[in-house]
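Below is one structure; the comments refer to it alone.
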Amino acid sequence: MKTKLSVLVAFCISIATFSQKKWTLKECVDEALKKNISIQQNKLSVELAKKDVEIAKGNFLPNLNANTRGNLNFGSGFDPVSQNRVNTSFFGGSVGVNSNVTIFNGFRNTNTYKQAELGVESSLLDLQFIENDISLRVVNGYLNVLFAKENLLAAKVQYKISKSQIDAAEARFKSGVIPKGDLLNTQSTAASDQQNVVTQENALDIALLNLSQLLQVPTEGFDVTGINVGNPSANLFYKNSSSVYDKSLGTMPEIARAKLAIENANFDIEIAKGSFMPTISGSLFLASDYAYDLKDGTVRFGSTLNQDLFTQINENFGYGAGFRIDIPIFNRFQTKNRVAQSIINKDISEFRLLDEKLRLKQTIEQAFLDVKTALKTFEAAKISLEAQEEAFKNAQERYNFGAMTQFDFDQVRTRLVNAQSALIRSKYDYVFKTKVLQFYSGELILE
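Note that the UniProt record's numbering numbers the sequence shown so that position 360 is 360, with each residue one more than the last.
Quick look at the structure:
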């Protein structure tokens, strides 16, 4: 009973610890990569590709087979051992072992093996491509959580200000400075700000839910640590998109995969050409015959001599070796057309590489433009917020001295709230798009 209680307590403690854990960005990425189903499937594809290498390697080895055959004969027939015609009923057959090996087949085995090794590299690149996609999705989801947290914090600050305005408005109403309508407007604004707090709490919950589902971890108690985004630099990391593109050509798996496809097509051509060449194979065999007379129940060798089974097999034992050369002369132009097909497939692979490079260049150019636009938006949002903060301070002083109506004051405060939200939104948009460029240049570091 104590053991069960201890296990239960330990389990509850572990759950509580897990629920209180705050995930870092790197931990989130690692967890997503570990649990994502598509990644697990592609890891199995890598293992399948490795087995293709083992299969191709086995083509260089000789095979080894054991065989046996038997037949029943009634009446007149040939003795399977002596090959004399006898008039009896017997069971006879043979046992043997044979081995065959391909000595030369136009380098098809060699090229198939090299092609299989390329298959492993290609599968690993497919895996890397999916891992990159998942990593970017996690980074985006993580920043969405931080964005929602900042929005919630700003909403709470605004609600706190609104609540403090109620007390001031009530005092001014009682002293006859403002009409009751202004007091009601102040209370209405506070209620609206409180509602905005609830809205931002829901947005944070949704952001946490989306990220936890991406990581496939329990949503209950899930939270992340903050990143010191601070005030992002106004300087672009890269002067132009070309510098990012040049770096990406050596880091992006889709480019390496397209290059491997061209190499694979070259091997297809060589394998197809191999059918023009002769094939040389060798063989070895061991064999023996036996016969059993069903009439008198003896093991027979020829028509007169009786022997036991093992002696008979030993006496009829034989072995040998041989070779075979197949020289292709005419096969209805099949080989010629297969070579032509392989060459066309190579041309297609080369165009796919050009297409991948063009698509990557366009993506990076768009990402670079997005960063520039996001930076301009961020800088404009900072200037706007500074102006709105000054306007709010001035309006607050005027409102406190009764020189501004509640309606006008609320208008100024609304513009301040909107400016704060715009700054938060533009800041995280700029940070994420900057990380996208870092990702394409191979310089994204997750902490």
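We treat Cβ as the ideally placed atom computed from N, Cα and C, and that holds for glycine.
Fair warning: this is a prediction, and the values are worked out from it, not measured in the lab.
**OP:** Could you say which of V97, Y428, Q438, T335 lies nearest to G141 if we only look at CA atoms?
**Re:** Counted from its first residue, the sequence shown places residue 141 at position 141. Out of V97, Y428, Q438, T335, Y428 has the C-alpha closest to the C-alpha of G141.
Subject >> Coarse secondary structure for R332, derived from DSSP in three states >> reply: On the sequence shown, position 332 is the one that residue 332 refers to. It is coil, neither helix nor strand.
Original post:
Exposed or buried, V145, counting other C-beta atoms within 10 Å across all chains shown (16 or more means buried)?
Top reply: Locating residue 145 in the sequence shown gives position 145, counting from the first residue. Per the 10 Å Cβ criterion, buried.
Subject >> Distance, G322 Cα to R338 Cα >> reply: Locating residue 338 in the sequence shown gives position 338, counting from the first residue. Locating residue 322 in the sequence shown gives position 322, counting from the first residue. About 31 Å.
Original post:
Terminal residues of the continuous alpha helix (DSSP H) containing N67?
Top reply: Within the sequence shown, the letter at position 67 stands for residue 67. Not the alpha helix (DSSP H): N67 falls in the beta strand (DSSP E), residues 65-73.
Original post:
T279 lies in the alpha helix (DSSP H); which residues open and close that run?
Top reply: For the purposes of this step, residue 279 is identified with residue 279 of the sequence shown, where counting begins at 1. Run containing T279: none in the alpha helix (DSSP H); it sits in the beta strand (DSSP E), 279-293.
Original post:
Ordered along the chain, which non-local residues of its own chain (more than five positions away) have a Cβ less than 6 Å from that of A66?
Top reply: Within the sequence shown, numbered from 1, the residue matching residue 66 stands at position 66. Correct list, in chain order: V97.
Subject >> V145 - DSSP class collapsed to helix/strand/coil >> reply: By 1-based counting over the sequence shown, the position of residue 145 is 145. Helix at V145.
Subject >> Inter-residue CB distance, S123 and A191 (contact presumed, cutoff 8 Å) >> reply: Within the sequence shown, numbered from 1, the residue matching residue 123 stands at position 123. Within the sequence shown, numbered from 1, the residue matching residue 191 stands at position 191. That pair is no contact at about 59 Å.
**OP:** Pick helix, strand or coil for S441, following the three-state DSSP scheme.
**Re:** Mapped onto the sequence shown, residue 441 falls at position 441. Three-state result, S441: coil.
Subject >> Opening and closing residue of the alpha helix (DSSP H) in which V46 lies >> reply: Residue 46 sits at position 46 when you count from the first residue of the sequence shown. Element bounds for V46: 37-58.
Subject >> Own chain, CB closer than 7 Å to L423, minus 5 neighbours either side, in chain order >> reply: The count along the sequence shown starts at 1 and reaches residue 423 at position 423. Taken in chain order, the residues that qualify are A381, K382, L385.
**OP:** Let me know the secondary structure DSSP gives S175 once reduced to three states.
**Re:** Here residue 175 corresponds to residue number 175 of the sequence shown, with the count starting at 1. S175: coil per DSSP, three-state reduction.
**OP:** Measure the C-alpha to C-alpha separation of K34 and P218 and round it to an integer number of angstroms.
**Re:** Within the sequence shown, residue 34 is the residue found at index 34, counting from 1. Within the sequence shown, residue 218 is the residue found at index 218, counting from 1. For K34 and P218, the distance between alpha carbons rounds to 15 Å.
Original post:
Is the CB-CB distance between I255 and R324 below 9 Å?
Top reply: In the sequence shown, counting from the first residue as 1, residue 255 sits at position 255. In the sequence shown, counting from the first residue as 1, residue 324 sits at position 324. Taking 9 Å as the Cβ cut-off, I255 and R324 do not qualify as a contacting pair.
Subject >> DSSP bridge partner residues for D223 (one or two, in chain order) >> reply: Here residue 223 refers to the residue found at position 223 of the sequence shown. DSSP lists K22 as partners of D223.
Original post:
Can the beta-carbon of A155 be found closer than 9 Å to that of T186?
Top reply: Here residue 155 is taken as the residue at index 155 of the sequence shown, counted from 1. Here residue 186 is taken as the residue at index 186 of the sequence shown, counted from 1. No, they are not a contact pair.
**OP:** Count the CB pairs spanning the region 247-265 and the region 124-133 that are closer than 8 Å, and state whether there are at least three.
**Re:** yes
Original post:
Alpha carbon to alpha carbon, how far is V244 from D355?
Top reply: Within the sequence shown, residue 244 is the residue found at index 244, counting from 1. Within the sequence shown, residue 355 is the residue found at index 355, counting from 1. Their Cα atoms are separated by approximately 18 Å.
Original post:
What number of angstroms, rounded off, separates the C-alpha of F301 from the C-alpha of S283?
Top reply: Residue mapping note: residue 301 aligns to position 301 of the sequence shown, counting from 1. Residue mapping note: residue 283 aligns to position 283 of the sequence shown, counting from 1. Because the pLDDT of F301 is 46, which lies under 50, any placement of that residue in the model is unreliable, and the number read from its coordinates should be weighed accordingly. The straight-line gap from Cα to Cα measures roughly 28 Å.
Subject >> N105 versus G119: straight-line alpha-carbon distance, rounded >> reply: Here the question's residue 105 lines up with position 105 in the sequence shown. Here the question's residue 119 lines up with position 119 in the sequence shown. So the alpha carbons of these two residues sit roughly 22 Å apart.
**OP:** Reducing DSSP to helix, strand and coil, say where N316 ends up.
**Re:** Within the sequence shown, residue 316 is the residue found at index 316, counting from 1. Three-state DSSP puts N316 in coil, outside helix and strand.
Subject >> Same chain, Cβ closer than 8 Å to V53, neighbours up to 5 away in sequence not counted >> reply: For the purposes of this step, residue 53 is identified with residue 53 of the sequence shown, where counting begins at 1. Taken in chain order, the residues that qualify are Y113, A116, E117, G119, V120.
**OP:** Could you check the C-alpha separation between L444 and V46 for me, to the nearest Å?
**Re:** Taking the sequence shown and counting its residues from 1, one reaches residue 444 at position 444. Taking the sequence shown and counting its residues from 1, one reaches residue 46 at position 46. Using only the alpha carbons, I get a separation of about 25 Å.
**OP:** Compute the distance between the beta-carbons of N316 and S349, then report whether it is under 9 Å.
**Re:** In the sequence shown, counting from the first residue as 1, residue 316 sits at position 316. In the sequence shown, counting from the first residue as 1, residue 349 sits at position 349. Cβ distance not < 9 Å, so N316 and S349 don't count as in contact.
Original post:
Can you tell me the Cα-Cα spacing of L369 and D167, whole angstroms?
Top reply: For the purposes of this step, residue 369 is taken as the residue at position 369 of the sequence shown. For the purposes of this step, residue 167 is taken as the residue at position 167 of the sequence shown. Cα-Cα distance, rounded: 49 Å.
**OP:** Rank C28, V138, F147, L294 by C-alpha distance to the C-alpha of E201 and give the top, closest one.
**Re:** Along the sequence shown, read from residue 1 onward, the residue named residue 201 stands at position 201. Of the listed residues, the one whose Cα sits closest to E201 is F147.
Subject >> Within 9 Å, strictly: CB atoms of K26 and G221 >> reply: By 1-based counting over the sequence shown, the position of residue 26 is 26. By 1-based counting over the sequence shown, the position of residue 221 is 221. Their beta carbons are not under 9 Å apart, which means K26 does not touch G221 by this criterion.
**OP:** Check each candidate in G92, S99, D193, I134 and name the one with the smallest Cα separation from Q40.
**Re:** In the sequence shown, residue 40 corresponds to position 40, counting from 1. Here the closest residue by C-alpha is I134.
Subject >> Nearest candidate by alpha-carbon position, reference N71, set Q194, Q396, E365, Y290 >> reply: Here residue 71 refers to the residue found at position 71 when the sequence shown is read from its first residue. Comparing Cα positions, the closest option is Y290.
Original post:
If you run the structure through DSSP and keep just helix, strand and coil, what is N394?
Top reply: Numbered from 1 along the sequence shown, position 394 holds the residue referred to as residue 394. Note: N394 maps to helix in three-state DSSP.
Original post:
Would you call F401 buried or exposed, if buried means 16 or more other Cβ atoms sit within 10 Å of its Cβ?
Top reply: Start at 1 with the first residue of the sequence shown, and residue 401 comes out as number 401. The residue in question, F401, is exposed, as its Cβ has fewer than 16 Cβ neighbours within 10 Å.
**OP:** Give the single residue among F276, F407, V95, N345 whose Cα lies nearest to the Cα of N264.
**Re:** Within the sequence shown, residue 264 is the residue found at index 264, counting from 1. It is N345.
Subject >> Where the alpha helix (DSSP H) containing residue 471 begins and where it ends >> reply: Outside the displayed range of the chain (1 to 447) lies residue 471, so it cannot be described from this structure.
Original post:
Is Q388 closer than 9 Å to V371 when the C-beta atoms are compared?
Top reply: Residue mapping note: residue 371 aligns to position 371 of the sequence shown, counting from 1. Residue mapping note: residue 388 aligns to position 388 of the sequence shown, counting from 1. Contact flag unset, no.
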